[in-house]
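Notes follow the structure.
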Amino acid sequence: MSTRIVSIAPAFEDVMPKEYKELVENGPYGKDYKVTDLGKYKELIEEHPLCAGCGLALSLRLVLGSLPSPEDTVIVGSTGCSALVFPQVGLHNVHSLFGNQNAVASGIKRALSLRFPDQVKDVVVVAGDGATADIGLDMVMQSWFRREKIATIMLDNEAYANTGGQESGMSMEGTVMNMAPKGKVFPKADLPKVAEAAGCAYVAAASPSRPGKLGKVVRRAILIAREVGPTYVQLLSPCPTNFKTKPSDTVVTIKAREKEKRFKQYEYISDDARSFLSALEDGKRSEGKQPEGKQS
Amino acid sequence: MLQQQVRSPDYLFFEAEKKKHFLSGSEAVREAIRKANVDVAISYPITPQSESMHLVGDLFAEGYVKEYFRGENEFAVMSSVSGAAMAGVRVFTATGGPGTMRAFEMFPVWAGSRLPIVCAFLTRGINSPLTIQPDTIEMAFLLETGMLMLHAETAQDLHDMLLKAFIVAEKTEVHLPVGVFADGFFVTHTKEILQIPDADSKLPPYDPHCAPVPPMDMESVPVRQMRDPFVMKSNFISYAAHASWQQEIEAAQERSRKHLERYLGGLVETEHEDAEVLLITSGTAVSQSREAMRLCRQEGLSVGLVKIKSIRPFPSDELRRLAAGKYAVIVPELNRVGWLAKELKARVDDPRRVIGAPRVFGGMTMPAHLIVDEIRRVLQ
Amino acid sequence: MTEKMSIRMSGLGGQGVVTAAHILGMAAYKDDLQVTVNPFFGAEKRLAPAESYVRIAQEPIYERGEILYPSLIMVFHPHVITMGKSYTMPFFDGLEAGGTIIINSASALDLSEEERDNLAKLDAQVHYVPASEVAMGVSGTHLSTNIAMLGALYRIQQRPSLDALESAMVERFGGSKFVASGSTAALDDAVKEKFAKVSQMIEKNLEVIEKAGESMFQQTH
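Sequence lines, in order, name chains A, B and C.
Every letter in the first sequence is one number past the one before it in the working numbering, and letter 125, counting from 1, is 125.
When you read off a place in the second sequence, starting at 1, and then add 1000, the result is the number in the working numbering.
When you read off a place in the third sequence, starting at 1, and then add 2000, the result is the number in the working numbering.
If you want it as structure tokens, here you go:
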């Protein structure tokens, strides 16, 4: 998108909301901001209705702060807590139904490739663990089988949080939750391994406890999806409301999990993705800069 | 691939020279899509629809369709075509019977998101017990999904309605999905004679900026836009937004009437409408009714026929007028529930005159004699 | 022709019952007749009952689907009758009075007395043709049994014309225009391999049509 599109016609300047003006004057479109730049510019996310201390909110803010080309990124979400945020985000975003996010994204990506063959259009799926690992797993995996060039980001709060705290396929074994009244009887699904086997060019597990790392894997995932193939990122994003932890302790919770070896950062890079990345990160191609022909 | 020239819809529908072909319904789908300038088509196998989408796949291989793939199930396919349509291209898909049911959650989303998707529903019975045979019961489920519904009687109808569906669907004031229905096997697998224009002409491409809502392509102001109005917040404005949106879909359906009237030559077609007994139906039940009418009129019985071409919008005024003062209105249907008879009864002045029979279902052929028997019974 | 032909073809999956109907329908179309063709709608399976229907007329044809009251019945395999491998029982169910039946068998079938009585009451014209034997003898494959059946039909009806039948076969086996369903297409490949060349195949098929016509015999009730 041309950044001119967001600019305000002079006649409307006095009636436009303040946050929009800020987005025009000091937003991330066409810039190359990273996680470390947060606080220096008007972020894409404008308030949100999630709970205090929500791990998802934290992850989302970092994800949105790591997009390599926000001005050409379409987000596909799914039903769940994160979907409540997207109406307040300065990007085109789609909420279709519960679980069909990767199928919708496949259609969007193919259509945009037809309409804008010489322009980058990143299609990024951002959905919860229920949407990704349970109800939508077939469509998530099939999009990987088909090698759709989309990045899939799971915000993993290990539960159906928006519907009142039910057990999900990503809940830890033994967790007592709604619909698992005697405790979950099978282990947390190992989706990163599934993603690897299903053909993802890049797979990572990270968390907002290490913002820099989170930013890096999200960027890599989107850039690799653009050029190489499907990518998957899983972000542990605890839910203080349903797991009854202190809102201020969300990061502490993640760090404790890491210490107990019940969560670990993870990265898998396919050979193709690796050579693409080294070309990119060695400076042969400047990461986040738009490739030739992209400017519209 | 033939060199194709973009021609106006009016040229293709009304002016182009038509040539005779001997084709199956599935081949008629192919010939329509060949001229429809489709960007993305997504398929999934289910009998009796599969052959149509094989042939659309051939069109992709030949270059007539720009993008094509087999999705993973009908729900995913309907999701993927919705994504493609949202991103601003012309899409086509097809399904039928159990496939329709598998995909169902997406259909109201299509309408709610104002997506001009054209889908061929090549109908079949719904389990259980398992059947692959023709039956129009799935149409009963789709009546209130917000999509426009056209019902083809023949392969000729199927071809013509598909092409016209794109143009009506994409009118700014309509911009809704259109389901073109044809009875599985009785149309899809039947070879018959058609008159169609040559494939050296095609429809103009879809213009995503004709949409009443912006395409999801990050080429317009991005702030707080969703194609599916996400109004889950509990406040009065969100209730009002949802309520008015539903009414707007209904209004958009209403606004399609004038276009359908023009392109289809009316939402209904009549023969001997002054007769004492009217057969009113849609799809291939019309073909069987034609034969029944022919047999009855040979015997001197006063029988006429009304073919309903558009189920949504429903030709309520036309049918109320046609049914007025009739001795009886007989509604033969290829399903158990008799959804068309119910629709009619809800709209005519004297619903007692509407007879929901004969009904044939589970895949059987409806013999014309069964309709003749019903006419005789009524006239006794 | 003045009368409408309503033809029901019954056979076993793999015998080309649907293909025969398509060729016949295409030939009628080429002769500028009104025509519709449709198969019985079942799962495609070898040796399972298979049926197809052809309506040919000069006036417009309205009715669709199965032909319940045929004027002509073609039985592609004796098992349709002797083992009840059919969707329609008995095999002559619904036959119009004075209608015609063509059965693929080298010898007359041992029909029950009841069947003979009913056929007599209908004044049915029962013809036999050793279609499989003719196919094997002329082209060295059972796969043209269906063509032999068409030969028998041609002998009786003399329509559609031989020219039209020939050009329908060219279109069916030689042209790329025809769309066969998945498994039928695979069978076509097998057929084509046997004959190597389509033209040779068409020639053989025309010979099959002729020979089949010559080897017919009638059974009286």
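Think of the CB as a built atom: it goes at the ideal place given N, C-alpha and C, for glycine as much as any other residue.
Contacting residues, own chain, Cβ-Cβ under 7 angstroms from residue i (five flanking each side not counted)
| i | result |
| --- | --- |
| VAL2170 (chain C) | ILE2202 |
| GLN1225 (chain B) | Here GLN1225 (chain B) scores only 49 on pLDDT, less than 50, and its place in the model should not be relied on; the value that follows carries that caveat. Same-chain partners within the cutoff: PRO1214. |
| ARG1290 (chain B) | LEU1305 |
| PRO1009 (chain B) | ILE1167 and LEU1203 |
| ALA273 (chain A) | ALA201, TYR202, ILE224 and VAL228 |
| LYS1164 (chain B) | PHE1013, TYR1263 and LEU1264 |
| PRO70 (chain A) | PRO28, TYR29, LEU44 and LEU91 |
| VAL2138 (chain C) | LYS2204, GLU2207, VAL2208 and LYS2211 |
| TYR2029 (chain C) | VAL2035 |
| ARG2155 (chain C) | GLY2213 and MET2216 |
| LYS294 (chain A) | Summary for LYS294 (chain A): the model assigns pLDDT 41, below 50, so the residue's position carries little reliability; its value from the coordinates is reported in the next sentence. Excluding sequence neighbours, LYS294 (chain A) sits near GLN119 and VAL120. |
Own chain residues within Cβ distance below 6 angstroms of residue i, not counting five before or after
| i | result |
| --- | --- |
| GLY1356 (chain B) | VAL1331, GLY1338 and ALA1341 |
| GLY2011 (chain C) | VAL2017, ALA2050, PHE2076 and HIS2077 |
| MET2074 (chain C) | MET2009, ILE2102 and MET2149 |
| ILE1249 (chain B) | ALA1111 and GLY1146 |
| THR241 (chain A) | CYS51 |
| PRO247 (chain A) | ALA52, GLY53 and PRO240 |
Which residues DSSP lists as bridging residue i, in chain order
| i | result |
| --- | --- |
| GLN2125 (chain C) | C:THR2100 |
| ASN1037 (chain B) | ASN1037 (chain B) pairs with nothing; no bridge assigned. |
| VAL124 (chain A) | A:ILE75 and A:ALA151 |
| ASP1207 (chain B) | Its beta-bridge partners do not exist; DSSP assigns none. |
| LYS1202 (chain B) | B:VAL1006 |
| CYS1119 (chain B) | B:THR1093 and B:GLY1179 |
| HIS1242 (chain B) | Paired residues: none, contrary to the question. |
| LYS1258 (chain B) | Looking at the DSSP assignment, LYS1258 (chain B) forms no beta bridge with any residue, so it has no partner. |
| LEU213 (chain A) | Before going further, note that residue 213 (chain A) is Lys rather than Leu in the sequence given. Answer is none; LYS213 (chain A) lacks a bridge partner. |
| ALA2171 (chain C) | Sequence check: residue 2171 (chain C) is Glu here, not Ala. None, per the DSSP bridge assignment. |
Contact set for residue i: own chain, Cβ-Cβ below 8 angstroms, skip 5 residues either direction
| i | result |
| --- | --- |
| GLU1269 (chain B) | VAL1306, LYS1307 and LYS1309 |
| PHE1060 (chain B) | ALA1041, LYS1066, GLU1067 and TYR1068 |
| ARG262 (chain A) | MET172 |
| PRO2060 (chain C) | GLN2034 |
Contact residues within the region 96-111 of chain A, judged by C-beta distance below 7 angstroms to chain B
Using a CB distance below 7 angstroms, the part of the region 96-111 of chain A facing chain B consists of SER96, LEU97, ASN100, ALA103, VAL104, ALA105, SER106, GLY107, ILE108, ARG110 and ALA111, ordered along the chain.
Pairs of beta-carbons, one from the region 2015-2024 of chain C and one from the region 2138-2154 of chain C, closer than 8 angstroms: are there three or more?
Flag = yes, the region 2015-2024 of chain C and the region 2138-2154 of chain C touch.
Determine which residues of the region 1191-1213 of chain B have a Cβ less than 8 angstroms from any Cβ of chain A, and write them out in chain order.
Within the region 1191-1213 of chain B, those residues whose Cβ lies closer than 8 angstroms to any Cβ of chain A are, in chain order, PRO1208.
Using 8 angstroms as the threshold, is the region 149-163 of chain A in touch with the region 232-244 of chain A, meaning 3 or more CB pairs across them?
Flag = yes, the region 149-163 of chain A and the region 232-244 of chain A touch.
Which residues, taken in chain order from the region 2053-2079 of chain C, show a beta carbon closer than 7 angstroms to some beta carbon of chain B?
Going along the region 2053-2079 of chain C in chain order, one finds TYR2062, GLU2063, ARG2064, GLY2065, GLU2066 and LEU2068 with a Cβ nearer than 7 angstroms to chain B.
For the 8 angstroms Cβ check, are there 3 or more pairs between the region 1242-1257 of chain B and the region 1119-1129 of chain B?
These segments do not touch.
Mind checking the region 2025-2040 of chain C against chain B and listing, in chain order, the residues whose C-beta falls within less than 8 angstroms of any C-beta there?
If the cut-off is 8 angstroms between Cβ atoms, the region 2025-2040 of chain C has GLY2025, MET2026, TYR2029, GLN2034, VAL2035, THR2036, VAL2037, ASN2038 and PRO2039 near chain B.
Short-range partners of chain A found in the region 1090-1115 of chain B, where Cβ spacing is below 9 angstroms
Correct list: VAL1091, GLU1105, MET1106, VAL1109 and SER1113.
Count the CB pairs spanning the region 1080-1093 of chain B and the region 106-119 of chain A that are closer than 8 angstroms, and state whether there are at least three.
Short answer: they touch.
Using 8 angstroms as the Cβ pair cut-off and three pairs as the minimum, do the region 1048-1064 of chain B and the region 1023-1038 of chain B touch?
Yes, the region 1048-1064 of chain B is in contact with the region 1023-1038 of chain B.
Does the region 1155-1171 of chain B come into contact with the region 1368-1375 of chain B, if we say contact requires no fewer than three beta-carbon pairs (one atom in each stretch) closer than 8 angstroms?
Under the 8 angstroms Cβ criterion, the region 1155-1171 of chain B does not count as touching the region 1368-1375 of chain B, having fewer than three qualifying pairs.
Whole alpha helix (DSSP H) elements within the region 2074-2118 of chain C, 4-residue minimum:
For the region 2074-2118 of chain C, whole alpha helix (DSSP H) runs of length 4 or above, ordered along the chain, are 2079-2082.
Contact the region 184-193 of chain A vs the region 87-101 of chain A: 3+ CB pairs below 8 angstroms
Judged by Cβ distances under 8 angstroms, the region 184-193 of chain A makes no contact with the region 87-101 of chain A, as fewer than three pairs qualify.
Looking at C-beta atoms only, is the number of pairs between the region 1342-1361 of chain B and the region 1320-1328 of chain B that lie closer than 8 angstroms three or more?
Under the 8 angstroms Cβ criterion, the region 1342-1361 of chain B counts as touching the region 1320-1328 of chain B, having at least three qualifying pairs.
Stretch-stretch touch, CB-based, cutoff 8 angstroms, three pairs: the region 1100-1119 of chain B with the region 1266-1274 of chain B
Output reads no: the region 1266-1274 of chain B does not touch the region 1100-1119 of chain B.
Pick out the complete beta strand (DSSP E) segments inside the region 1285-1362 of chain B, 3 residues or longer, and give them in chain order.
Those beta strand (DSSP E) runs which fall completely within the region 1285-1362 of chain B and span 3+ residues are 1303-1308, 1310-1312 and 1328-1330.
Note down, in chain order, all residues in the region 190-213 of chain A with a beta-carbon under 7 angstroms from any beta-carbon belonging to chain B.
Result list empty, no residue passes.
For the region 76-92 of chain A and the region 122-142 of chain A, state whether three or more C-beta atom pairs, one from each stretch, are separated by less than 8 angstroms.
Yes, the region 76-92 of chain A is in contact with the region 122-142 of chain A.
To test your reading of the DSSP string, which unbroken beta strand (DSSP E) runs of 3 or more residues are found completely within the region 1002-1078 of chain B?
Look at the region 1002-1078 of chain B and you find these whole runs of beta strand (DSSP E), each 3 residues long or longer: 1018-1024, 1040-1043 and 1067-1070.
Using a Cβ cut-off of 7 angstroms, which residues of the region 1175-1190 of chain B contact any Cβ in chain C, in chain order?
Per Cβ criterion, the list reads PHE1185, PHE1186, HIS1189 and THR1190.
May I ask you to list, following chain order, the residues of the region 1316-1343 of chain B that have a beta carbon less than 9 angstroms from some beta carbon of chain A?
If the cut-off is 9 angstroms between Cβ atoms, the region 1316-1343 of chain B has nothing near chain A.
With 7 angstroms as the C-beta to C-beta threshold (strictly closer), list the residues of the region 1-31 of chain A near chain B in chain order.
For the region 1-31 of chain A, the beta-carbon criterion of a distance under 7 angstroms to any beta-carbon of chain B is satisfied by MET1, ILE5, VAL6, TYR20 and LEU23.
Does the region 2120-2128 of chain C come close enough to the region 2090-2110 of chain C that 3 or more CB-CB pairs lie under 8 angstroms?
Contact between the region 2090-2110 of chain C and the region 2120-2128 of chain C is present, because at least three Cβ pairs lie under 8 angstroms.
Where the region 1064-1080 of chain B meets chain A: residues whose CB sits under 8 angstroms from a CB there
Sequence-ordered contacts of the region 1064-1080 of chain B with chain A read LYS1066, GLU1067, PHE1069, GLY1071, GLU1072, ASN1073, PHE1075, ALA1076, VAL1077, SER1079 and SER1080 [C-beta pairs closer than 8 angstroms].
Extract the residue ranges of the alpha helix (DSSP H) inside the region 2010-2057 of chain C, only unbroken runs of 4 or more that lie entirely within it.
With a minimum length of 4 residues, the continuous alpha helix (DSSP H) runs that stay inside the region 2010-2057 of chain C are 2017-2030.
Compile a chain-ordered list of the residues in the region 2011-2022 of chain C whose CB is closer than 8 angstroms to at least one CB of chain B.
Closer than 8 angstroms at the C-beta level to chain B, one finds these residues of the region 2011-2022 of chain C: HIS2022.
Residues from the region 1030-1059 of chain B in contact with chain A, defined by Cβ distance under 9 angstroms
Of all residues in the region 1030-1059 of chain B, only ASP1039, VAL1040 and ILE1042 place a beta-carbon less than 9 angstroms from a beta-carbon of chain A.
Give me the subset of the region 1284-1296 of chain B whose CB atoms are less than 7 angstroms from a CB atom of chain A, sorted by chain position.
Within the region 1284-1296 of chain B, no residue has a Cβ that lies closer than 7 angstroms to any Cβ of chain A.
With three or more C-beta pairs closer than 8 angstroms as the rule, is the region 82-91 of chain A touching the region 1184-1191 of chain B?
Per the Cβ contact rule, the region 1184-1191 of chain B is not in contact with the region 82-91 of chain A (fewer than 3 Cβ pairs under 8 angstroms).
Residues of the region 127-150 of chain A in Cβ contact with chain B at a cutoff of 9 angstroms, in chain order, please.
For the region 127-150 of chain A, which is checked against every Cβ of chain B, the residues closer than 9 angstroms are ASP138, MET139, MET141, GLN142, SER143, PHE145 and ARG146.
Using a Cβ cut-off of 8 angstroms, which residues of the region 1012-1026 of chain B contact any Cβ in chain C, in chain order?
Of all residues in the region 1012-1026 of chain B, PHE1022, SER1024 and SER1026 have a Cβ within less than 8 angstroms of some Cβ in chain C.
Contact list for the region 233-267 of chain A against chain B, Cβ threshold 9 angstroms
If you check each beta-carbon in the region 233-267 of chain A against every beta-carbon of chain B, none falls closer than 9 angstroms.
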